[in-house]
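Written below as structure tokens is the structure these notes are about.
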Amino acid sequence: MTAFSDWSESRETVADFRKTLLDWYDESGRTHLPWRENTDAYHVWVSEIMLQQTQVETVIPYYERFLFALPTVADLAVADEELLLKLWSGLGYYSRVRNMQKAAQQVMIDFSGQFPRTAKDLQKLAGIGPYTAAAIASISFHEVVPALDGNMFRVFSRLLKITADIALPKSRQIFYDKIAPIVDPVRPGDFNQAIMDLGTSLMAAKTKTTAESPFARFNLSFKDGTELDFPVKSKKVKQVQRFYAALVSESDDGARFAYTQRPTTGLLADFWTFPLLEFTSWDDIYEGVAAIYPTAQQLTIKPVTHIFTHQKWQIMLVKVETHGSHKNWTYFSDEDYEKMPQTTLQVKLQAALKENL
DNA sequence: TAGACGTGGTT
DNA sequence: TAACCAAGTCT
């Protein structure tokens with residue numbers, strides 16, 4: 001092998017890389033993960049969806065609970081949405097679980113209860129894109145396809161100094177074409193999982209390769225000291241600040257609080273929260289609330305803050321007295337509230353309320 | 001295609 | 001702290 005040169009065309013070096021990777025995986029891979037104990041497509045699917053943009057440690061308890069409550073795809077297909085959202089509460093990206101039920105119904109109706117066995121067909125299911133399709137196809141059905149996730153982009157961009165911008169969708173094909181011939185034809189699922197483990201350990205985002213690494217000799221960017229320049233990634237989203245008053249309205253008997261249901265589309269779709277009034281700046285909130293509810297009392301000194309990917313919310317809890325009915329408000333007792341699926345945002349608001357009542 | 005979509009952890 | 005990262009997909 002010539003230093004500083006692309007080895008992906010060399011049959012010998014590719015074979016060497018596969019063996020090095022799989023030997024390392026057998027020795028150092030995270031074989032103890034619950035979803036690696038059973039390669040049944042349903043199990044792999046549930047884990048892959050949960051793991052999207054979500055860390056392993058967070059997922060484990062959710063995964064165990066979900067599989068216990070819904071052991072088969074048939075169970076998922078007919079489950080109540082409220083149960084699904086309960087099982088997902090706090091995990092985020094709630095469209096994932098809604099799409100999972102759609103996909104389960106597709107499997108039952110369009111595929112006679114059997115998961116499709118190829119990446120191409122798996123992508124027909126709701127919520128399954130190119131990454132998840134390839135992961136399931138390779139792990140459960142031994143299809144020889146690369147599962148291109150953030151780890152694989154990073155690992156191969158460094159190994160082969162691929163400069164395509166991973167923020168651009170069109171770059172996926174460039175990576176796919178480069179990596180597909182490298183995937184181990186005998187153990188494609190293990191190859192993909194090994195790359196993920198590699199990407200979270202020896203080749204994590206801010207980790208630099210050492211000369212002792214078994215992958216140093218394959219790493220072209222390590223050889224010329226440009227490792228942390230990869231992957232090339234352009235897009236950046238800036239966070240928007242938003243300011244809210246969360247209205248705490250007790251029913252006449254003092255036993256229940258008012259809630260409103262969020263719109264069916266968009267952020268936290270369909271979840272119930274305290275009624276929220278938005279203001280353009282922090283300073284407007286006090287006067288703004290007082291204008292509508294003259295007897296309003298501020299309940300919190302510091303606002304509750306909640307950060308989404310693209311928005312930062314600051315919410316002040318305000319106790320209000322209302323006269324007449326608010327069409328969109330519903331009063332729930334604590335007992336009924338506990339039964340409903342809740343987002344982390346609402347859990348924070350509720351906790352702040354209990355502390356300050 | 002760029003932006004929306006949750007949450008928790010790290011720097 | 002604000003920004004960025006973590007097993008992406010949908011519109």
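Under UniProt numbering, the first residue of the first sequence is numbered 1, with each subsequent residue one higher. Virtual Cβ for every residue (Gly too), placed ideally from N, Cα, C. Keep in mind the model is a prediction, meaning the values are calculated, not measured.
- According to the DSSP secondary-structure assignment, His306 is paired through a beta bridge with Trp313.
- Secondary-structure assignment with DSSP links Val240 through a beta bridge to Gln311.
- Apart from sequence neighbours up to five positions away, the residues of its chain that approach Glu48 with a beta-carbon distance below 6 Å are Thr132, Ala135, ordered along the chain.
- Within the same chain, and ignoring the five residues on either side of Leu22 in sequence, the residues whose Cβ sits closer than 8 Å to its Cβ are Asp184, Arg187, Asp190, Phe191, Ala194.
- Look at Val183 here: in three-state DSSP terms it is coil, with no helix or strand label.
- In the three-state DSSP reduction, Trp7 falls in the coil class, being neither helix nor strand.
- In chain order, Tyr62 place their CB closer than 6 Å to the CB of Leu91, counting only its own chain and leaving out the 5 sequence neighbours on each side.
- For Gln261, the enclosing beta strand (DSSP E) stretches over residues 256-261.
- Bounds of the alpha helix (DSSP H) holding Glu81 are 81-88.
- When beta bridges are read from the DSSP output, Lys319 appears opposite Val248, Gln297.
- DSSP lists Gln261 as the beta-bridge partner residues of Trp272.
- Under the rule that a run must span 4 or more residues, the alpha helix (DSSP H) segments found entirely inside the UniProt domain "HhH-GPD" (50-201) read 56-69, 73-78, 81-88, 95-110, 119-122, 130-141, 150-160, 171-179, 188-199.
- Here Tyr93 is near Gln53, since their CB atoms are less than 8 Å apart.
- Separation of Val145 and Ala180 (C-alpha to C-alpha, rounded to the nearest whole angstrom) is 6 Å.
- In this structure, DSSP gives Ser234 a state outside helix and strand, which the three-state scheme calls coil.
- For Phe222, no beta strand (DSSP E) encloses it; the enclosing alpha helix (DSSP H) starts and ends at 220-223.
- Per the Cβ contact rule, the stretch 321-337 is in contact with the stretch 257-274 (3 or more Cβ pairs under 8 Å).
- Taking the Cβ atoms as the reference, Val320 lies roughly 10 Å from Ala246, outside the contact range of under 8 Å.
- Under the DSSP definition of a beta bridge, Phe332 partners with Phe257.
- Three or more Cβ pairs closer than 8 Å define a contact, and the stretch 226-235 meets that threshold against the stretch 158-169.
- Counted as a single uninterrupted DSSP element, the alpha helix (DSSP H) harbouring Lys348 occupies residues 344-356.
- Secondary structure note for Gly288: its alpha helix (DSSP H) is the uninterrupted segment 284-292.
- Between Leu122 and Val44, the alpha-carbon positions lie close to 13 Å from each other.
- By the neighbour-count criterion, in which a residue is buried when 16 or more other Cβ atoms sit within 10 angstroms of its Cβ, Ser5 is exposed.
- Rounded to whole angstroms, the gap between the alpha carbons of Arg18 and Arg11 is 11 Å.
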